[in-house]
Every structure is written in C-alpha cells, then in structure tokens.
Amino acid sequence: MKTKELIKLQWELLSKVQREYQEWYDHINSWRSEVQQEVKKLKDPVQQGDIKIDLVKENTDLERATFLLDDIDVEFVTEDWVIATKQVKNLKNTYKYDFIDTDRKSKQDQIIIDNCNYGIAVEIMDIYDEDEQQPMSVLVNPDACIPDPKCTDWSEMRFFGYSRKVLAYKLENSDVYDIQDLVISDVGEDSNLRLSNDARDSYSFITSNEWYCDLYEHYTMHNGKKYLTTWVNDRSTLIRAIELSPLTKAEELNPMKCRYNVIFHRRKSFPYRWAGYRVMEEVGNEQDIITTLKNLEIEQARISAHWPDLYINAGLGVEQGKLSKLKKWWRIIPVNLPQGQNMQQQMYEKNYSGNTNLSSVSAQWLYDRTQRNTHYTDLTTGISPTGSQTKGEIQQLQQNANKFIAWVSSNYMKWERDYTFLWYRMYQEYMPADAKKIIALFDKGWMARTLRKDEFITNGKLIINVTSAGQEKIKNEQAVTKLLALSQTIIPTLKSEYSINTFTRALVDKSGIDGVDGETIIPLSYDEQLALSRVEIINNYAEHKQLIQSWPEAGEDLQTHIDIYNKCLDNECRKDILKRYMDAQLRKKELLPTMPEQADGQGSNIAMNLLAGQQNANTQPIATM
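Just remember that our numbering sits 36 ahead of the position in the sequence shown, which is counted from 1.
Here it is, written out as structure tokens:
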C-alpha cells in the first residue's frame, strides 16, 4: 500500500471511530449510568445495626450453583464425516484439554456474575498464545463497551468498541502490541500521524511489569471491509489497524461476512436492547422494601423489649444511682405531678405495641413476588415447600422450575457455541502448519498426545453443537432405554456386520460411562476399515478411476460395503459401485437360495448381552460385555 493511501485510511478510520463512539454515547449512556448506580449499590456496606436482605446476591449465587455444576458437552460434525472422523475426535479432545488448561470454568463463573449484574457478559477472542499454541479470551466490563445502538446481534453490528487494560510488558514483548507500533511507520514528514509527545511519555514506564496501559479497541466497517483498530484510550491516536481475514469461501466472496471476535452472553434477552435483564431489575424494588420492613420489625421489637417509657414523679426524690439502674430497661421520663395524687400515679409504665404480623405478611408477599419474577422457587433452592400443597402440585412446581432452568441453560449454551466457533477459528488462522499442540487426556490413566494442526483442524465445513451435559445425560438414558426396547425387533433385521456394530456402538456411546466408547469396545472390522478407506476415492473418483475397476473383491462382506458406500457423495461413481455390489449380492443369493445371508458381526453377541443385562434392573448393560 502506498504511503498516501495509508495516511488516507488512517484519517478515515479516525474520523469514523470518533463518530461511531459519539453515536453510541448519546444513545446508550442512560443505560450505562443506571447500571453503574446499581453496581455501586450492590457494593454499599451495611450500616451498623441494620440488616440487608440481599436478594440479588441470593439469586446470583443460585444461578452460579445451578449452571456451573452442569458441565457442557461439545460435539463437532463435519460434512466429510468419514475422512475427518479422527480429526473431529482429536478436535474434541483438544477442546476438553483447553477447557481445563485455560480454567474456562472460572471464566464461565464470571460470565454468570456479569449477566446477573449487567444483563450481559462480553468476551473477546483475539489473543493467540504462540508459546502454548492456544487461543485465549478476555472478559471486558460491559459498561466499558460501545455497541452499535441500532441492533443487538453481532452479525448485524456496524461497529463495536471496548476499553481494556493491557499489561505494559505485553506492549513491549508482544507481536500484537509492540512498542514500535505506537509510531506509525512510513509516514514521511507528516508529524501529525505520529504518536504525540504526551502519549509517548505515558508509555515511558513500559519496563515495569506492574503497570497497565489503557487501550481502546474498535471493530468497524470501511469501504466494504472489516477492521479491528486499536487506539490510545482517548481515541486520539491510532496504534494499529488490522483487516479481518476471511477464512471461509463465503467470507472470501464477501469480506463483510467476516465476523467480529466478540461473544455476547445474555441470560435473558431484552427486546431492542443490547443487554438482557439484570437480576436487580427483577428483584431490586422488592429487596429494598423487604429490607426496610425487616429493619422496622427489629427496631420495634427492640423498643418493645427493652425501652418502654417509665414516667416518674420528680417529687419522689429517687436517688440518681437508682435511676441509672432503671435506665438499663426503661426510658426515664420525669414529670411534676400535682399534690394529692395517689402512689399509683407517682410511677407508671407505657408500652408501645405494633402490628409486626402485618410487616411479616407483606414481606412474605414480596418474597413470593420475587420468585415469580425470577422463577427460582423454594424447590429450586432445595428448601421444602411450606403449606398444604399436594404431591402433584409440588411436582408441577418443580416441572415449571425445570422449564425455566432449561430455558436459561439453552441461552448459556448458545453463547458457549459462539465461543467454541471463535476458538476454532483462532486455530485456523494463527496456528502454524508445522507447529505442535500438546494435550493431556485421562483415558484409563493420564496420557499426553502431540498433534499437528492438520490432525484436528478439518478443511470441511464444521458444525458445532453445544448442549448441557446434565440434560444430555437424561436424554441418553432415555435413548438407551428406547434402543434396548427396540433392539429385539431391530437386530434380527440388520443384514450387515457394519449395521449391527453401529447399532451396538450407539448403545455404548449413549451409556455415558467415562473412558468407554463404542469404537473401543467394538473395534472396526476389516471390511469396515476397507470400505471407509475407499470413501475418499469414491468422493473424488475422477482422480482414481483405475482403482475402482476391481471392486468388489472376493471375500468381502457385501452388505457392509453397501451400507457405508450409501453415505458417500451422490455421484456417478457411487451409483456404479452400489450397482456392482448389489448385483454381486444378488448372484450370491441365487447360488445359495436356501441359505439366507446372516451377518455375524462383532456387535451381534454384545447387543444380545445388552438385552440380557436389561432383564436385571441391578445390572448395568455394559457390564455384560
């Protein structure tokens, strides 16, 4: 790029970012101010002598406990399913390792906290650790973000910005934030485009590892392309501008489809607002009123128990020492009584009584209201319900609570899928082809594996499915029950070794036993391996026409090959191969009319053993293998 073009681009980006920042600020500043006040209120200390009914914390802790204890399950599927089977398996293992190694569970905890406090958590995936060969993400404070006010979905956002802190030494030692990048290169005599002396002085402490630098980063669109720009925090000086790289065919055809490396985690969406519902919005008013009522009850009880008024005739001449003792339990009020009054009127006590029951009833009504707002009932918290509910009514309450939990969980899973997608893209874009990735797995004992990029990154289109592990366990248990019930009628109809083995492997995989998978229990047979190795040849038959002329070969399990080739790409080679195998199968049956073909696969006996194990409720199906 020529120098003049570079200068023009930098000035255009500067003007564009300043304009977009102001557009956001004018639109969303009221939301930002409101949230900041709420967060400040959450941190306010409790006044001495008062109690604080902290419903926000109670609901936040409950949400953390509910969703953090439920692990997520990530599945990867690719269109070239046969070729990429091992890659996909390695990819899943890589994800599991990175999940542990980067302590993602702690980050998910903070995501839930931000969701409860701000209605949204913002995660940025723009760091690739070359030492560890690992993508890294950071969470940024939602009230320091600059979203496009005209939309709520990242795919439609024109721009998105955020302030963040970067350790000073990373500016010096990182290829991304190199100190030399603070001065724009190749700008000739145009000193206006260089870092100002004041800005340069602000980075003079860069040799200290204890200092942070405040940066502002801003995604934007310009001239049909998308950029990530980095600025000093006042947005006056451009540090870097990176054009987002297309990775898919669709992105290459249209660079505007390149996505920003931003994930918006929302627990509950709010229509036409970039952030969702905050817990304070759901229970804040009720929390304040309940706190007031409870403190009034306590004060009223204190006055009633210890501080009734004691009226004493000043003319009695009670000694001061005796009055001091009385002050421990009464508020002494001296009065001058006229002469002639009897002794009963010389000293008397006046008690104060209030309707504490009314406060308690009001507080309970407010508690019930918060449960309707949050859907977190006593059952959800593990507290036995009070009252006269029947067993059926309690079950219905639990079902309703489970529906809510499933709904919120599905939202969290949706955003975790977004994270996984960007995690995968980072490997695609930044991992060198000759680099090695070391992962550790626990499978019948700890073991380490070294993977190259092409061993877990596929070339085909990748589909990612993220689900709740708890929900999946329930579904798998139900699936196993159904499969076992159907197996009595299904297994006798299966014609090939492959179909029986596949059915049985599905049972094993659905069992959910750690360290056990169907392919380990039932390894691929020779015919399965042979047929699977030919799939790529059939899919790309134009390059391998000579190889297919000898198929089928003598001794092959014809039905196994037919079942596997049916899943190949629909082309002329596939049609030709299937016709050959079906003709060979027909000839075989004509030669042996009285001996119907019956598969004797590895999975047949195992499937039957599974059925036998099902007869005993105390016997695990897998244990019969």
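Ideal Cβ placement from N, Cα and C applies to all residues, glycine included.
> How many angstroms separate the CA atom of N151 from the CA atom of Y131?
Replying inline: Distance between the alpha carbons of N151 and Y131 is about 24 angstroms.
>> Check this for me: beta carbons of I108 and S504, under 8 angstroms apart or not?
In response: Contact: yes.
> For W267, which of helix, strand or coil comes out of DSSP?
Replying inline: Reduced to three states, the DSSP call for W267 is strand.
> When the Cα atoms are used, what is the spatial distance from L622 to L520?
Replying inline: Near 32 angstroms, if we compare the C-alpha coordinates of L520 and L622.
> Are there 16 or more other CB atoms within 10 angstroms of the CB of M316, so buried, or fewer, so exposed?
Replying inline: Looking at its Cβ environment, which holds 16 or more other Cβ atoms inside 10 Å, M316 is buried.
> Secondary structure at W60, three-state DSSP: helix, strand or coil?
Replying inline: DSSP, reduced to helix, strand and coil, places W60 within a helical segment of the structure shown.
> Can you tell me whether DSSP reads W482 as helix, strand or coil?
Replying inline: DSSP, reduced to helix, strand and coil, places W482 within a strand of the structure shown.
>> Using a 10 Å radius around the Cβ and a threshold of 16 neighbouring Cβ atoms, would you call Q656 buried or exposed?
In response: Confidence is the limiting factor: at Q656 the pLDDT is only 37, short of 50, which leaves the residue's position unreliable, though a coordinate-based value still follows. Only exposed fits Q656, as fewer than 16 other CB atoms lie within 10 angstroms of its CB.
> Rounded C-beta distance between T138 and M172? I'm assuming under 8 angstroms.
Replying inline: Rounded to whole angstroms, the Cβ separation of T138 and M172 is 7 angstroms, and the two are in contact under 8 angstroms.
> Are there 16 or more other CB atoms within 10 angstroms of the CB of R302, so buried, or fewer, so exposed?
Replying inline: Around the beta-carbon of R302, 16 or more other beta-carbon atoms lie within 10 Å, marking it buried.
> Got a sec? Which residues, its chain only, sit under 7 angstroms from E322 by beta carbon, not counting five neighbours each side?
Replying inline: The residues L91, L402, R405 and T406, in chain order, have a CB closer than 7 angstroms to that of E322 in the same chain once the five nearest residues on each side in sequence are set aside.
> Taking DSSP as the reference, what is the three-state secondary structure of M316?
Replying inline: Here M316 sits in helix by DSSP.
> Can you give the beta carbon distance from E279 to T265, rounded, assuming they're within the 8 angstroms contact cut?
Replying inline: The beta-carbon distance between E279 and T265, rounded to whole angstroms, is 10 angstroms. This is too long to meet the 8 angstroms contact definition.
>> For a test of the three-state rule: what should DSSP assign to R616, helix, strand or coil?
In response: DSSP places R616 in the helix class (H, G or I) of the three-state scheme.
> Of all the options L498, N153 and K40, which has the alpha carbon lying nearest to the alpha carbon of E682?
Replying inline: The requested residue 682 is not part of the displayed model; the chain covers only 37 to 661.
> Which residue's Cα is closest to the Cα of I160: I149, G197, D184 and K186?
Replying inline: Nearest Cα to I160 within the set I149, G197, D184 and K186: G197.
>> What does the Cβ neighbour count give for Q216, buried or exposed, with the cut at 16 atoms within 10 Å?
In response: Only weak support exists for where Q216 lies, its pLDDT of 44 falling under 50; the coordinates are left without a value.
> Using CA coordinates, which residue listed in F492, P282, E318 and D80 is at the minimum distance from P291?
Replying inline: Ranking F492, P282, E318 and D80 by CA distance to the CA of P291 puts P282 first.
> Anyone know if the C-beta pair for W587 and R616 falls short of 8 angstroms?
Replying inline: Yes. Within cutoff.
> How would you call S523, buried or exposed, if buried means at least 16 neighbouring beta carbons within 10 angstroms?
Replying inline: Around the beta carbon of S523, 16 or more other beta carbons lie within 10 angstroms, which makes this residue buried.
> Can you name the residues that DSSP bridges to A157?
Replying inline: According to DSSP, residue pairing for A157 in a beta bridge involves H301.
> By Cβ distance, which residues of its chain are closer than 6 angstroms to Y164, with the 5 residues on each side in sequence left out?
Replying inline: Apart from sequence neighbours up to five positions away, the residues of its chain that approach Y164 with a beta-carbon distance below 6 angstroms are P171, M462 and Y466, ordered along the chain.
>> Once DSSP output is grouped into helix, strand and coil, what is the label at C152?
In response: Three-state result, C152: helix.
> Quick one: Cα of K128 to Cα of V110, how far?
Replying inline: If you draw a straight line from the Cα of K128 to the Cα of V110, it is about 7 angstroms long.
> Identify the residues that DSSP records as bridge partners of P370: which are they?
Replying inline: Bridge partners of P370: I348.
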